[in-house]
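Visitor: Numbering (numbering that gives the first Met the number 0) for the sequence shown: 0 to 370. Every residue, glycine too, gets a C-beta built ideally from N, C-alpha and C.
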Amino acid sequence: MGARFPLGRPGGEAGTPPGYAHCVSLRFPPCRGQHLWPGLAGSTVFLAKYAHFGGVLRYFYNRPVLKQRTLKSLTRAVGVGLHSGQRVEITLRPAAPDTGIVFRRVDLPNAPDIVVSAESVTDTRLASTLSCGNAKVHTVEHLMSACAGLGVDNLFVDITAEEVPILDGSAASFVFLLQSAGIELQNAPRRFIRLTRPVEVREGEGANEKWARLEPYHGYKLSFEIDFNHPAVDSTGQKVEFDLSTDSYSRDIARARTFGFTKDVEMMRSNGLALGGGLDNAIVMDDYKVLNADGLRYDDEFVKHKILDAIGDLYIVGKPLLAAYSARRSGHALNNKLLRELQAHPEAWEVVTFEDVKQAPQGFAQPARAW
Ligand SMILES: [Zn+2]
Numbered sequence: 000m001g002a003r004f005p006l007g008r009p010g011g012e013a014g015t016p017p018g019y020a021h022c023v024s025l026r027f028p029p030c031r032g033q034h035l036w037p038g039l040a041g042s043t044v045f046l047a048k049y050a051h052f053g054g055v056l057r058y059f060y061n062r063p064v065l066k067q068r069t070l071k072s073l074t075r076a077v078g079v080g081l082h083s084g085q086r087v088e089i090t091l092r093p094a095a096p097d098t099g100i101v102f103r104r105v106d107l108p109n110a111p112d113i114v115v116s117a118e119s120v121t122d123t124r125l126a127s128t129l130s131c132g133n134a135k136v137h138t139v140e141h142l143m144s145a146c147a148g149l150g151v152d153n154l155f156v157d158i159t160a161e162e163v164p165i166l167d168g169s170a171a172s173f174v175f176l177l178q179s180a181g182i183e184l185q186n187a188p189r190r191f192i193r194l195t196r197p198v199e200v201r202e203g204e205g206a207n208e209k210w211a212r213l214e215p216y217h218g219y220k221l222s223f224e225i226d227f228n229h230p231a232v233d234s235t236g237q238k239v240e241f242d243l244s245t246d247s248y249s250r251d252i253a254r255a256r257t258f259g260f261t262k263d264v265e266m267m268r269s270n271g272l273a274l275g276g277g278l279d280n281a282i283v284m285d286d287y288k289v290l291n292a293d294g295l296r297y298d299d300e301f302v303k304h305k306i307l308d309a310i311g312d313l314y315i316v317g318k319p320l321l322a323a324y325s326a327r328r329s330g331h332a333l334n335n336k337l338l339r340e341l342q343a344h345p346e347a348w349e350v351v352t353f354e355d356v357k358q359a360p361q362g363f364a365q366p367a368r369a370w
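And the structure:
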């Protein structure tokens, strides 16, 4: 015969042993013999440990928490900086829970750390640059985008020059590197910034107006519109949406390359920029057409690259966002302005964790495969 006992509320009751987050108390009526508790076995509750406290039996258990992620092992790559043209090596290394993403300039005396945060962004003219004192690292957005797309929270990035290598001009090479090193779950809950009110920044007027906006959303989605008056761009999509719950970052976004126009490239080179850029790491266009022999990787590769950049720029806030981002003609500067606006309005967001992974939005509950 089974007997029913009132279930106590989960909570950190006194006597909960280390390593267990939850507890239920089962109050015993005076009884003899064995009892069964229907509903406990086979539920999401994982019975881990129990103890007697007088007439009360307490079960201690952990739900499957949505955990932070780092790498299983380290991985290295060598390439050139898009703007500096300098040879650079990066080593991606595992980092402890709550470290965040930290760049380390191993070529400088005392190997200074540059911790990723909205305040550490000091230049957004052609790429996102982070600084700490005199130490800088340029063009972090594609690596940051890959980390966001694969849900990597904690990572050391040792770097031997002041610019992240451009590799193939997209985030696909970084996705490959991160996946090759393997992704490891860590024993700490993943913390999210959840929007509770909209936050918006605008610049310019009329046809020149640009804006970027974050709104409350149970998940993460981005919508971006560009307005390039160029035949090669006009003939493709100028607007795209990406939703982490239904779309795949690696498949749908990561392969989109950065792009430029030959007339701008010549001007940039005369100013000492884009020295490492070329047809093997960017889409290059003259006044009429794409010059790359193999054409585009996606029909709407241009606007998809803007989404890729936005995912990287927004991840600089230090935690994944639960929000809907939408933007028109935004770029690194406006994306960073949006993060600063968010931080200036602490009433517009809260930090949350998911003690039960089933409560997390789709896409975060099943992040990219952890090899
Ligand atoms: Zn980019």
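Tell me which residue opens and which closes the alpha helix (DSSP H) that Q342 is part of.
Guide: Residue mapping note: residue 342 aligns to position 343 of the sequence shown, counting from 1. Note, Q342: alpha helix (DSSP H), H331 to A343.
Visitor: Look at the alpha carbon of L107 and the alpha carbon of V163, and state the distance between them as a whole number of angstroms.
Guide: The count along the sequence shown starts at 1 and reaches residue 107 at position 108. The count along the sequence shown starts at 1 and reaches residue 163 at position 164. Approximately 15 Å between the Cα atoms of the pair.
Visitor: Check S249 in the structure and name its three-state DSSP category.
Guide: Along the sequence shown, read from residue 1 onward, the residue named residue 249 stands at position 250. S249: helix per DSSP, three-state reduction.
Visitor: How long is the line joining the alpha carbons of N335 and I158, rounded to whole angstroms?
Guide: Your numbering for residue 335 matches position 336 in the sequence shown. Your numbering for residue 158 matches position 159 in the sequence shown. Whole-angstrom Cα-Cα distance: 23 Å.
Visitor: DSSP on W36, reduced to helix/strand/coil?
Guide: As a working mapping, residue 36 is identified with position 37 in the sequence shown. Confidence at W36 is low in this model, with a pLDDT of 47, below 50, so the placement of that residue should be treated as unreliable; the coordinate-derived value is given next. In the three-state reduction of the DSSP assignment, W36 falls in the coil class.
Visitor: Along the chain, which unbroken stretches of the alpha helix (DSSP H) at least 4 residues long are found entirely within the stretch 129-182?
Guide: Listed in chain order, the complete alpha helix (DSSP H) runs (minimum 4 residues) inside the stretch 129-182 are 140-149 and 171-180.
Visitor: Would A95 be called buried (16 or more neighbouring beta carbons within 10 Å of its own) or exposed?
Guide: Within the sequence shown, numbered from 1, the residue matching residue 95 stands at position 96. Around the Cβ of A95, a 10 Å sphere holds fewer than 16 other Cβ atoms; the residue is exposed.
Visitor: My guess is that L154 and T90 are in contact by the Cβ rule of under 8 Å, so how many angstroms apart are they, rounded?
Guide: Here the question's residue 154 lines up with position 155 in the sequence shown. Here the question's residue 90 lines up with position 91 in the sequence shown. Going by Cβ atoms, the distance from L154 to T90 rounds to 11 Å, so no, they are not a contact pair.
Visitor: Does at least one heavy atom of ligand 1 sit under 7 Å from the Cβ of E300?
Guide: Against the sequence shown, residue 300 aligns to sequence position 301. No, the Cβ of E300 stays beyond 7 Å of every heavy atom of ligand 1.
Visitor: At the level of alpha carbons, what is the spacing between R254 and Q85?
Guide: Taking the first residue of the sequence shown as position 1, residue 254 is located at position 255. Taking the first residue of the sequence shown as position 1, residue 85 is located at position 86. Cα to Cα, the separation comes out at about 23 Å.
Visitor: Cα separation between L177 and H141?
Guide: Walking along the sequence shown from the start, residue 177 turns up at place 178. Walking along the sequence shown from the start, residue 141 turns up at place 142. Roughly 13 Å between the two C-alpha positions.
Visitor: Compute the minimum distance between the beta carbon of T128 and the heavy atoms of ligand 1, and state whether it is under 7 Å.
Guide: Position 129 of the sequence shown holds residue 128. Not under cutoff, so the answer is no.
Visitor: So, for A206: in the same chain, excluding its five sequence neighbours on each side, which residues have a beta-carbon less than 8 Å away from its beta-carbon?
Guide: Within the sequence shown, the letter at position 207 stands for residue 206. D226.
Visitor: Per DSSP, what kind of secondary structure is G218 in: helix, strand or coil?
Guide: Here residue 218 corresponds to residue number 219 of the sequence shown, with the count starting at 1. Note: G218 maps to coil in three-state DSSP.
Visitor: Cβ atoms of A211 and A117: under 8 Å apart, would you say?
Guide: Taking the sequence shown and counting its residues from 1, one reaches residue 117 at position 118. Taking the sequence shown and counting its residues from 1, one reaches residue 211 at position 212. Not closer than 8 Å, so no.
Visitor: Since K318 and F223 should fall inside the 8 Å C-beta cutoff, what is the C-beta to C-beta distance between them, to a whole number of angstroms?
Guide: Along the sequence shown, one-based indexing puts residue 318 at 319. Along the sequence shown, one-based indexing puts residue 223 at 224. At roughly 21 Å, the Cβ-Cβ gap does not stay under 8 Å, so K318 and F223 are not in contact.
Visitor: Report yes if the C-beta distance between D312 and H331 is below 8 Å; otherwise report no.
Guide: Translated into positions along the sequence shown, residue 312 becomes position 313. Translated into positions along the sequence shown, residue 331 becomes position 332. Closer than 8 Å, so yes.
Visitor: Looking only at DSSP bridge pairs, what is E224 linked to?
Guide: Here residue 224 refers to the residue found at position 225 of the sequence shown. Bridge partners of E224: K238 and R327.
Visitor: Could you compute how far the alpha carbon of P371 sits from the alpha carbon of A231?
Guide: Outside the modelled stretch of the chain, which goes from 0 to 370, sits residue 371, for which no answer is possible.
Visitor: Assign L73 to one of two classes, buried (16 or more other C-beta atoms within 10 Å of its C-beta) or exposed (fewer than that).
Guide: Counting from one through the sequence shown, the residue named residue 73 turns up at place 74. That one is exposed.
Visitor: State yes or no: is the C-beta of E240 nearer than 7 Å to some heavy atom of ligand 1?
Guide: Numbered from its first residue, the sequence shown carries residue 240 at position 241. False, no ligand heavy atom lies under 7 Å from that Cβ.
Visitor: In whole angstroms, what separates the C-alpha of E300 from that of F173?
Guide: Locating residue 300 in the sequence shown gives position 301, counting from the first residue. Locating residue 173 in the sequence shown gives position 174, counting from the first residue. So the two alpha carbons sit approximately 18 Å from each other.
Visitor: Would you mind stating whether L321 and R193 have Cβ atoms separated by less than 8 Å?
Guide: As a first step, residue 321 must be located in the sequence shown, where it is residue number 322. As a first step, residue 193 must be located in the sequence shown, where it is residue number 194. Against a cut-off of 8 Å, the Cβ pair of R193 and L321 comes out as a contact.
Visitor: Grab the span of the alpha helix (DSSP H) containing V351 for me, first residue to last.
Guide: Start at 1 with the first residue of the sequence shown, and residue 351 comes out as number 352. Unbroken run through V351 is the beta strand (DSSP E), W348 to V351; no alpha helix (DSSP H).
Visitor: Between the Cα of A101 and the Cα atoms of V115, L149, H344 and M266, which residue gives the shortest distance?
Guide: Stepping through the sequence shown from its first residue, residue 101 is reached at position 102. The residue you asked about is not Ala; residue 101 is Val in the sequence shown. In this structure, V115 is the residue among V115, L149, H344 and M266 with its C-alpha nearest to the C-alpha of V101.
Visitor: By Cβ distance below 8 Å, which residues in the same chain neighbour P197 in space, the five residues on each side in sequence not counted?
Guide: In the sequence shown, the residue the question calls residue 197 occupies position 198. Hits under 8 Å: R212, L213, E214, P215 and A347.
Visitor: Got a sec? Which residues, its chain only, sit under 7 Å from T123 by beta carbon, not counting five neighbours each side?
Guide: Mapped onto the sequence shown, residue 123 falls at position 124. Around T123: H331, A332 and N335.
Visitor: So the beta strand (DSSP E) F102 belongs to, where does it begin and stop?
Guide: Residue 102 sits at position 103 when you count from the first residue of the sequence shown. I100 to R104 is the extent of the beta strand (DSSP E) around F102.
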